[in-house]
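Everything in the sequence shown is counted per the working numbering, starting at 272 for the first residue and increasing by one.
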Amino acid sequence: MKKILPTLIIFTLCLQYLLLSINANELARELVGNNNILKLFELSNNLTFFLFPIIILFFIVGSTKYMLEIFDEERISISEIYTIVGYALIFPLIGMFFYTTCFFLRNYQVSSIEDLKNLHFLFGLTTNDFNFINRLFWLLAYFFIFYNLCFNKNIVWWKVVLSLMIPILIVLVVGFIIK
272 MKKILPTLII
282 FTLCLQYLLL
292 SINANELARE
302 LVGNNNILKL
312 FELSNNLTFF
322 LFPIIILFFI
332 VGSTKYMLEI
342 FDEERISISE
352 IYTIVGYALI
362 FPLIGMFFYT
372 TCFFLRNYQV
382 SSIEDLKNLH
392 FLFGLTTNDF
402 NFINRLFWLL
412 AYFFIFYNLC
422 FNKNIVWWKV
432 VLSLMIPILI
442 VLVVGFIIK
């Protein structure tokens with residue numbers, strides 16, 4: 272049961288991302304129309320969105336384990352890190368639940384990109400509001416990982432902070448350079 276629940280959380284998050292992708296594809300069809308090239312993009316978009324949480328999970332688990340080994344913290348197994356990260360993903364799951372629910376309870380027509388940018392969902396929330404909420408839930412997930420590694424696994428706090436932050440900073444710097 273210890274590993275089943277984190278796996279179910281991740282799978283549910285994958286399904287929510289897939290539902291969001293399907294709805295985004297419907298919006299794209301409303302904006303562009305229905306054509307064969309769009310159908311090809313829809314398939315790749317759905318696959319990418321479904322796999323996105325799994326890729327994020329592997330990144331967080333792998334980079335955290337690697338960084339902890341650099342800091343000579345080898346007493347924690349990759350299985351334990353997987354369980355902690357899997358449970359931590361409950362926070363983005365909750366954030367995505369609200370986003371997906373509001374997206375599917377839409378009562379609007381989109382005829383241009385400007386309509387999409389100015390869209391108001393349930394409770395008057397905009398896409399920028401959901402972006403902020405999503406980032407807040409991801410921050411809670413990282414805090415959950417930090418808390419569990421520091422207080423339940425007795426790893427020094429600065430090693431945990433560096434283990435979680437350095438890989439993210441590397442990705443951001445590489446993204447900035449590529450851009």
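Every residue, glycine too, gets a C-beta built ideally from N, C-alpha and C.
Excluding five sequence neighbours on each side, which residues of the same chain lie with their C-beta closer than 6 Å to the C-beta of residue i?
| i | result |
| --- | --- |
| residue 426 | 344 and 420 |
| residue 367 | 287 |
| residue 291 | 371 |
| residue 424 | 347 |
| residue 323 | 288 |
| residue 404 | 366 |
Is it the case that the Cβ atoms of residue i and residue j are separated by a distance below 8 Å?
| i | j | result |
| --- | --- | --- |
| residue 330 | residue 288 | no |
| residue 370 | residue 401 | yes |
| residue 408 | residue 439 | no |
| residue 300 | residue 311 | no |
Please name the residue in the options whose C-alpha comes closest to that of residue i.
| i | options | result |
| --- | --- | --- |
| residue 325 | 301, 290 and 286 | 286 |
| residue 342 | 435, 440 and 410 | 435 |
Just mark residue i as buried or exposed, buried being the case when its beta carbon has 16 or more other beta carbons within 10 Å.
| i | result |
| --- | --- |
| residue 337 | exposed |
| residue 281 | buried |
| residue 515 | The structure shown does not extend to residue 515, since the chain is modelled only from 272 through 450, so no value can be given for it. |
| residue 328 | buried |
| residue 444 | exposed |
| residue 447 | exposed |
| residue 431 | buried |
Starting from the C-beta of residue i, find all residues in its chain whose C-beta is less than 8 Å away, skip the five residues before and the five after it, and write them out in chain order.
| i | result |
| --- | --- |
| residue 332 | 349, 352, 353 and 356 |
| residue 433 | 338 and 342 |
| residue 316 | 292, 295 and 296 |
| residue 389 | 397 |
| residue 428 | 417 and 421 |
Taking 7 Å as the limit between beta carbons, can you name the residues of its chain near residue i, skipping five residues before and five after?
| i | result |
| --- | --- |
| residue 277 | 353, 354, 357 and 358 |
| residue 273 | 354 |
| residue 437 | 338 |
### Message
Check whether the segment 356-365 and the segment 407-418 are in contact - that is, three or more C-beta pairs closer than 8 Å.
### Response
yes
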